[in-house]
Amino acid sequence: VQPRSNTEDGAKEVENEMALLTSHYTVLELCHDFNEQELKQNVRQKVLQYHPDKPGGSIEIFQRVNDASDVLSDPKRRRLYDEGDDIPRDVYDDETQGPSLRENVESKYFPERFAFHPFGDPLELKHAYEQQGIKRTPAKRKWRELPNGTYRQSCRGCALSKTGRTVGCRECLNHAREYKPSKLKIDKCAFEEDGVGNDNGRLVCEVLSEYLDDSSDSKNQPASKKLDRDEL
Numbered sequence: 001v002q003p004r005s006n007t008e009d010g011a012k013e014v015e016n017e018m019a020l021l022t023s024h025y026t027v028l029e030l031c032h033d034f035n036e037q038e039l040k041q042n043v044r045q046k047v048l049q050y051h052p053d054k055p056g057g058s059i060e061i062f063q064r065v066n067d068a069s070d071v072l073s074d075p076k077r078r079r080l081y082d083e084g085d086d087i088p089r090d091v092y093d094d095e096t097q098g099p100s101l102r103e104n105v106e107s108k109y110f111p112e113r114f115a116f117h118p119f120g121d122p123l124e125l126k127h128a129y130e131q132q133g134i135k136r137t138p139a140k141r142k143w144r145e146l147p148n149g150t151y152r153q154s155c156r157g158c159a160l161s162k163t164g165r166t167v168g169c170r171e172c173l174n175h176a177r178e179y180k181p182s183k184l185k186i187d188k189c190a191f192e193e194d195g196v197g198n199d200n201g202r203l204v205c206e207v208l209s210e211y212l213d214d215s216s217d218s219k220n221q222p223a224s225k226k227l228d229r230d231e232l
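Going left to right, the sequence shown walks through residues 1 to 232 as full-length UniProt numbering numbers them.
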């Protein structure tokens, strides 16, 4: 085994030192108020110094120099970097990101920039309300076929709208043995067990699981228990 050369040892030592530098500014030896000429000059110097093809060069350091140059030469990326955008944020249970480093620092050390909220941060409250809404608000259904229900026994000429969210019947039988037109916005029937029924000639949502039976005696009669809905 050949002994390591002084050049290799020196490169490894520099590489270890560079690994401790976490800031793009320190990698390129720049002040935060550098100008474009200083950036170009320092980048060129580092590229020549650490190019992998040169003695004492390093692939790792060369990549660090390129990464730092890419960020600091782009005004938008530099601004985000200065605000701590590269630092991992807290992640909520719904996988959304928490506030940035800048927001955390400013809210802690410059509270006067933020409104006082005696009942909590409105953004956090909004987040909590949205989560409750996700759990409590059922998704609207878009029907592809006519929904089930007792209305089929006493209504005729029924069809879905183009949106698939409204059912309309040309004739629905009422208690006076008269046929009346009716329609219902069926996305109001939010529960999976809901169907459509005929309540005295008016289409309504009804709970399918509460059908008593499907005997002939129940024909032309509205279901015994229904969910109240407004007619369109």
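All residues carry an ideal CB built from backbone N, CA and C; glycine is no exception.
Counting only the same chain and skipping the five closest in sequence on each side, list residues whose C-beta sits under 8 Å from that of residue i.
i   : result
Y81 : H24, V71 and L72
Taking all protein chains shown into account, decide if residue i is buried (16 or more other Cβ within 10 angstroms of its Cβ) or exposed.
i    : result
N198 : buried
P147 : buried
S161 : exposed
I59  : exposed
C31  : exposed
N35  : exposed
Can you tell me where the alpha helix (DSSP H) holding residue i begins and where it ends?
i   : result
N42 : E36 to Y50
R64 : I59 to L72
R79 : P75 to D82
Is the beta carbon of residue i sitting closer than 8 Å to the one on residue j?
i    : j    : result
R202 : S182 : yes
S47  : V27  : One detail in the question is off: residue 47 reads as Val in this sequence, not Ser. Contact flag unset, no.
L184 : T163 : no
Which stretch, first to last residue, makes up the beta strand (DSSP E) that contains residue i?
i    : result
P181 : Y179 to K185
L160 : C155 to L160
E29  : Where E29 is concerned, there is no enclosing beta strand (DSSP E), given that its DSSP letter is neither H nor E.
T166 : T166 to L173
Ignore the nearest five residues each way along the sequence and tell me which others in residue i's own chain have a CB closer than 7 Å to its CB.
i           : result
residue 272 : This structure cannot speak to residue 272, because the chain is shown only from 1 to 232.
Q45         : none
Closest by CA to residue i, which one among the options?
i    : options                   : result
L173 : K162, I186, K185 and C158 : C158
I186 : A68, G149 and K180        : G149
G168 : L30, R177 and Y151        : Y151
S154 : L160, R177, E145 and H51  : R177
L39  : I61, C205 and S69         : S69
Between which residues of its own chain and residue i is the CB-CB distance below 6 Å, once the five residues before and five after are set aside?
i   : result
D74 : none
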